[in-house]
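One line per chain: the protein sequences are D and F, in this order.
For what it's worth, our numbering labels the leading residue of the first sequence as 10, then goes sequentially.
For what it's worth, our numbering labels the leading residue of the second sequence as 15, then goes sequentially.
Glycine is no exception: its CB is placed at the ideal position from the N, C-alpha and C atoms.
Given the structure is predicted, the values throughout are model-derived calculations rather than measurements.
In what follows, a single structure is set out as structure tokens and then discussed.
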Amino acid sequence: MLLVALKVWIYKERSPYLSKRVGVLLANATRISKLEGLKAGLAELGYMEGRNIIYLIKNAEGDWERVYSSALELVAEGPDVLVAGGRLEAQALAEVAQKKPVPIVFMGAASVKDGWRLPCMTGVDNFHTELAAKRLEFLVRLLPFIRYVVVLVDPRVVPGIQSLPSLKQAASQLGLSLEIVSVSSIEELKQTLSVLELKRPDALLLTSSFLLEEGEAIRLIGRTAKSLGWPVMGVNVADAEAGLLAAYGCPFADQGRQAARLVNKILEGQDPAAIPIETPDRLELVVNLDTARSLGLKLHPDDLKFVDRIIVGNEGGGVVYGEPQN
Amino acid sequence: MEGLFTGSPRIKRWKQLRFRLVVAGVFISILPLLLLGAYHLNLVGRWQEKAIGEQNRVAAEAVANDIHNLTVQQEGFLQAFSLRYGKELLEMPSREAEGILYSLLRLSPYLEEVSVFDLKGKELARASRRHLVVPGEQRPLSDRELMEKVRRGERYYGPVEIEEDGRPLFSLAVPLWDLSREWPVGGLKAKVSLKGVMDTITMLHTRQQGGTIYLVDSRGRLIGHQDFSLVLRQLDVRNSPAVREFLQGKEPPTRYVSYDGQEVLGVVIPLRDLGWGIIIEYPVSWAMAPVRTAAWHLLALLAVVVALLLLLNSYLSWHFSKPIEELGRAALEVARGNFVEVNLMSGVGELASLQETFNYMSRELKEKARMEALVRQADKLAAVGRLAAGVAHEINNPLAIVSAYTEDFLDRLEEGGTSSFKEGEWKAYLTAVSRQVARCTSIIRKLLDFARPAPGVREWVKVDEVVQEIASLMDYTIKKKGIELALELEGGLRVYADRLQLEQVLLNLLTNAVEAIEKEGKICIKAAKKGQEIKISVIDTGRGIPPENLEKIFEPFFTTKPVGQGTGLGLSICYGIVQDLGGRMVVESSPGQGTTVKVYLPARQRGDMDEEAESSSCSG
């Protein structure tokens, strides 16, 4: 009895130290859905927050510079595994943790086949680069009338740049005229949109970018698109939920949930180098019917047969167009 | 025996009865438990292995059914669209057909790509989740087997193909019918994601905790696994006996070492139509965990039982061995001449009986000892009688001298008065008389000393002194018979004995030797050290002892002398005394040749003697 009591006491005393510590770095608030997916996935695998797992979360709130400082702070806390919200966070963590390698799992990053991956790194490839052409195809299928599409790309973001050749080829095959426009800041975006007003594109297509998934940028694009009647195809499902016409990709929460399995393997002691990068389990084409209506688009039910999810009645809690810019 | 003689507990602990009783008790109690436990564990282990094997088979069949159902479900979707649209799909505009195909993709998350084709092998429309589909684009199909089957109106399950990103997909095709003419006009082809299928299977069979489910195709390639990373790594599992046997169409062993080097209990179920095998493996370490737990419980139980048995057996062995030890101590006391009785305080029948027997023996021995003491005393008195003649002669001589002196003294006194004595003559007379009186006194004291019953006190006795003393006692008789007595005594020999008893022995032997010689002869008494013994030999040239009597001579009351001349106890008493002293007697004789009696007494070291003397004095 004494031995059992002693064992229970030791277990109780030591349990906080036996908890796994998972450091999570997010570049912006949009990626919180990934974190929620991660937590849900790990909970399904038996990791209950506060009981046997502790999350150390750093959110850079959309500040590019702050991503690196947050990465530094996170690595200093010595977690068992680092989880990156995306490619940008994974890069920052990898640079910071060079001296003391900690396994890194990214919850959705684009273009990870080009040798960018380090041995201590694994995760989910969100397929953003490969899906760029598919987005263009779906845009055409939704709106067969479009002929001239403007592609917004952040020149600082490698996957965005890497998707351009396939986009150009797809545009050629689909008989579209494509214009590539670079934007690397909100100010530049504003100027670009005002310039585009004159060009009157049939639609806009976003590429994988830290800037273009930010709430402020999406809101700006959404407002402008509504006022000018431009349909916009976003990268992340969240873009459509935020008010763009459509988006095609893997939902953030799914990316987080899929990454949870990889985090679990690392917590069980597997070498991250031996864990292959996975592609998304599920892809989703989302169309925001509210946005379509506000744009005056008449989508025939036959044209929506292949859509996975239709947002109606501001279901996504997206932008209210015309809201003053903060 | 040594322990009994010394009375000290020199028996090693592990040789002690008590210890052996404890060990034997524990062993006898544990052995059946251990054997039964081991047998039971072995049986449980077999049952467990069998149960896990059966459970594996049931689970594998369930998984196989689920996979079959999922694939049939995908086929069903294609069949439904085939029936719904028929050859319309071939005839409608490609854009419209693509819309229908995309709606088919929406129906099933497992479908990655769907296309419609005609019997010429031309893909007319396509829908894909990941790859660009240019509306209206037509591509040729290169799968000849697929085309042949569809042309025959059969469904088609193609081989597993690994996508660029590592995901395994397999092709599935159903014919498109011209319903009016009932023949195939084209087909619907789909690529099915096995990852999605395996994810669903894993989710459905999460109860298979501890086990591993994986899927191999007809070439033994890993196409599905709970840990999808292994599929992405295209792990080679063909070294697993289960996969090897499956590929050869044989029944795999139930217990084997799997691809990861772990010993497992496994089962393989081939999947109908697909040519794949579903394998479920349980690590033996996991499967046998309950048996291991039971083994630990058994060991713990054994430990408790051993502890209890040790306590119980210790008590019981103490309870049973204590009377025996008491008996041992009492026996030792009896051996020392203290005829004690025991009270074992035991109600156990055998012990009570043993106690009764022991006490009876002790009483008998006590009585025997008393009788022996009386006999010895009687024998001494008899010896005194035999000595009387010699003693009388011994005393007669000095008395004759005293008489001669006193008569002469009186004659001279009567004849001449006191003046007839010269100066100093009176003193000479008186001195002569006094010397003879002293001689008489000495002889009588010796006789009294011998005849007097005295408690035996052992001491260092010089052998030569005793022999000479006895010889002097028998001097008259020896001379009277004209016997020549020779003494060959090694100097400095000592034995630790009761002096009087030793004298009694030697007197007896010498008396027997004298009596064995009719007239004239020779007696030789030798004393010498032989190894650890002192040998005293009394050798006579008498008539000897017939062989038939030789073996009886130590028996009490055995005598060849006429009635009234001997008690028959002499040699018997000698034998008892010598044995008491830790020695032995040997008699060699042949009729007409004489007799030699050898007495061997232990020649102990001085230190031993001191210890023994101390021990004797201490014991009282």
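Going by the CB atoms, is the gap between residue 262 of chain D and residue 45 of chain D shorter than 8 Å? On the first sequence, residue 45 of chain D is found 36 positions in, with the first residue counted as 1. On the first sequence, residue 262 of chain D is found 253 positions in, with the first residue counted as 1. Contact: yes.
Exposed or buried, residue 290 of chain F, counting other C-beta atoms within 10 Å across all chains shown (16 or more means buried)? Indexing the second sequence from 1 puts residue 290 of chain F at position 276. With 16 or more other Cβ atoms within 10 Å, it is buried.
Could you tell me which residues DSSP pairs with residue 239 of chain F in its beta bridges? Numbered from 1 along the second sequence, position 225 holds the residue referred to as residue 239 of chain F. Residue 239 of chain F is bridged to F/228.
Could you give the uninterrupted runs of the alpha helix (DSSP H) lying entirely in the region 144-214 of chain D, keeping only those of 4 residues or more? 167-183, 195-208
How about the region 66-75 of chain D and the region 31-42 of chain D: do they share at least three Cβ pairs that are nearer than 8 Å? yes
Same chain, Cβ closer than 6 Å to residue 295 of chain F, neighbours up to 5 away in sequence not counted: Along the second sequence, one-based indexing puts residue 295 of chain F at 281. Here the set comprises 226, 272, 278, 280.
Should residue 546 of chain F go down as buried or exposed, given a rule of 16 or more other Cβ atoms within 10 Å for buried? Here residue 546 of chain F refers to the residue found at position 532 of the second sequence. Residue 546 of chain F is exposed by the Cβ-count criterion.
Residues of chain D with CB under 9 Å from residue 297 of chain F, in chain order? As a working mapping, residue 297 of chain F is identified with position 283 in the second sequence. Those do not exist, as residue 297 of chain F stays about 15 Å from chain D at its closest Cβ, beyond 9 Å.
Indicate whether at least one CB of chain F lies closer than 8 Å to the CB of residue 288 of chain D. The residue given as residue 288 of chain D occupies position 279 in the first sequence. Yes, contact with chain F.
Can you tell me which of the three DSSP states residue 454 of chain F falls into? Taking the first residue of the second sequence as 1, we reach residue 454 of chain F at position 440. Residue 454 of chain F falls in the helix class under three-state DSSP.
Kindly indicate which three-state DSSP category residue 526 of chain F falls into: helix, strand or coil? Residue 526 of chain F sits at position 512 when you count from the first residue of the second sequence. Of the three classes helix, strand and coil, the one that applies to residue 526 of chain F here is helix, per DSSP.
Report the option in F/606, F/375, F/116, F/416 whose CA atom is closest to the CA atom of residue 452 of chain F. On the second sequence, position 438 is the one that residue 452 of chain F refers to. With distances taken between Cα atoms, residue 452 of chain F lies closest to F/416.
At a threshold of 7 Å, does residue 103 of chain F count as lining the ligand NAD (C-beta to nearest heavy atom)? Because no ligand of any kind appears in the structure shown, any question about the ligand NAD cannot be addressed here.
Can you check whether the C-beta of residue 179 of chain D is within less than 8 Å of a C-beta belonging to chain F? Sequence index remark: in the first sequence, residue 179 of chain D carries index 170 (1-based). Yes - at least one Cβ of chain F is within 8 Å of the one on residue 179 of chain D.
Flag residue 212 of chain D as yes if its beta-carbon sits less than 8 Å from any beta-carbon of chain F, otherwise no. Mapped onto the first sequence, residue 212 of chain D falls at position 203. No, because no Cβ of chain F sits closer than 8 Å to the Cβ of residue 212 of chain D.
Residue 235 of chain F versus residue 176 of chain F: straight-line alpha-carbon distance, rounded: Taking the second sequence and counting its residues from 1, the one referred to as residue 235 of chain F is at position 221. Taking the second sequence and counting its residues from 1, the one referred to as residue 176 of chain F is at position 162. Cα to Cα, residue 235 of chain F sits roughly 10 Å from residue 176 of chain F.
Given residue 167 of chain F as reference, the closest of F/199, F/609, F/343 once Cα atoms are compared: As a first step, residue 167 of chain F must be located in the second sequence, where it is residue number 153. Checking every option, the nearest Cα to that of residue 167 of chain F belongs to F/199.
Could you list the residues in the region 227-244 of chain F with a C-beta less than 8 Å from some C-beta on chain D, going in chain order? 241, 242, 243
Straight-line CA distance for residue 293 of chain F to residue 270 of chain D? For the purposes of this step, residue 293 of chain F is taken as residue 279 along the second sequence, with counting starting at 1. For the purposes of this step, residue 270 of chain D is taken as residue 261 along the first sequence, with counting starting at 1. The straight-line gap from Cα to Cα measures roughly 22 Å.
With 8 Å as the C-beta to C-beta threshold (strictly closer), list the residues of the region 179-207 of chain F near chain D in chain order. 179, 180, 181
Here's the rule I'm using: 16 or more other beta-carbon atoms within 10 Å means buried, otherwise exposed. How should residue 74 of chain F be labelled? Walking along the second sequence from the start, residue 74 of chain F turns up at place 60. The residue in question, residue 74 of chain F, is buried, as its Cβ has 16 or more Cβ neighbours within 10 Å.
Local Cβ density within 10 Å of residue 525 of chain F, reported as buried at 16 or more and exposed below that: The residue labelled residue 525 of chain F in the question sits at position 511 within the second sequence. With 16 or more other Cβ atoms within 10 Å, it is buried.
Which one of D/239, D/126, D/102 has the shortest CA to CA distance from residue 79 of chain D? Taking the first sequence and counting its residues from 1, the one referred to as residue 79 of chain D is at position 70. It is D/102 whose Cα lies nearest to the Cα of residue 79 of chain D.
Examine chain F for any beta-carbon lying closer than 8 Å to the beta-carbon of residue 41 of chain D, and answer yes or no. For the purposes of this step, residue 41 of chain D is taken as residue 32 along the first sequence, with counting starting at 1. Chain F contact via Cβ: absent.
Rounded to the nearest angstrom, how far is the Cβ of residue 179 of chain D from that of residue 142 of chain D, given a contact under 8 Å? Stepping through the first sequence from its first residue, residue 179 of chain D is reached at position 170. Stepping through the first sequence from its first residue, residue 142 of chain D is reached at position 133. Sure, about 4 Å apart at Cβ, within 8 Å.
Helix, strand or coil for residue 357 of chain F? Go by DSSP, reduced to three states. Along the second sequence, one-based indexing puts residue 357 of chain F at 343. It is coil, neither helix nor strand.
Indicate whether residue 209 of chain F and residue 187 of chain F have their beta-carbon atoms separated by less than 8 Å. As a first step, residue 209 of chain F is located in the second sequence; it is residue number 195 there, counting from the start. As a first step, residue 187 of chain F is located in the second sequence; it is residue number 173 there, counting from the start. Not a contact, by the Cβ cut-off of 8 Å.
Going along chain F, which residues have a C-beta under 8 Å from residue 139 of chain D? Sequence index remark: in the first sequence, residue 139 of chain D carries index 130 (1-based). Ordered by position in chain F, the residues that pass the 8 Å Cβ test against residue 139 of chain D are 144.
Quick one: measure Cβ to Cβ for residue 148 of chain F and residue 182 of chain D, integer angstroms, because I've assumed they're closer than 8 Å. Locating residue 148 of chain F in the second sequence gives position 134, counting from the first residue. Locating residue 182 of chain D in the first sequence gives position 173, counting from the first residue. Indeed they touch by this definition, with Cβ atoms about 4 Å apart.
Mind checking the region 272-286 of chain D against chain F and listing, in chain order, the residues whose C-beta falls within less than 9 Å of any C-beta there? 274, 279, 283, 284, 285, 286
Supposed close pair residue 253 of chain D, residue 243 of chain D - CB separation, criterion 8 Å: For the purposes of this step, residue 253 of chain D is identified with residue 244 of the first sequence, where counting begins at 1. For the purposes of this step, residue 243 of chain D is identified with residue 234 of the first sequence, where counting begins at 1. Indeed, because the Cβ distance is near 4 Å, the residues count as touching under 8 Å.
Is residue 305 of chain F close to chain D? Criterion is C-beta to C-beta, closer than 8 Å. Here residue 305 of chain F corresponds to residue number 291 of the second sequence, with the count starting at 1. No - not a single Cβ of chain D is within 8 Å of the one on residue 305 of chain F.
Between the region 85-98 of chain F and the region 337-351 of chain F, do three or more beta carbon pairs fall short of 8 Å? no
At 3 residues or longer, and completely inside the region 58-112 of chain D: list those beta strand (DSSP E) runs for me, N to C. 62-68, 90-93
Helix or strand or just coil, what does DSSP make of residue 251 of chain F? As a first step, residue 251 of chain F is located in the second sequence; it is residue number 237 there, counting from the start. Coil.
State yes or no: is the C-beta of residue 612 of chain F within less than 8 Å of the C-beta of residue 549 of chain F? Position 598 of the second sequence, counting from 1, holds the residue named residue 612 of chain F. Position 535 of the second sequence, counting from 1, holds the residue named residue 549 of chain F. Yes, Cβ-Cβ distance for residue 612 of chain F and residue 549 of chain F is below 8 Å.
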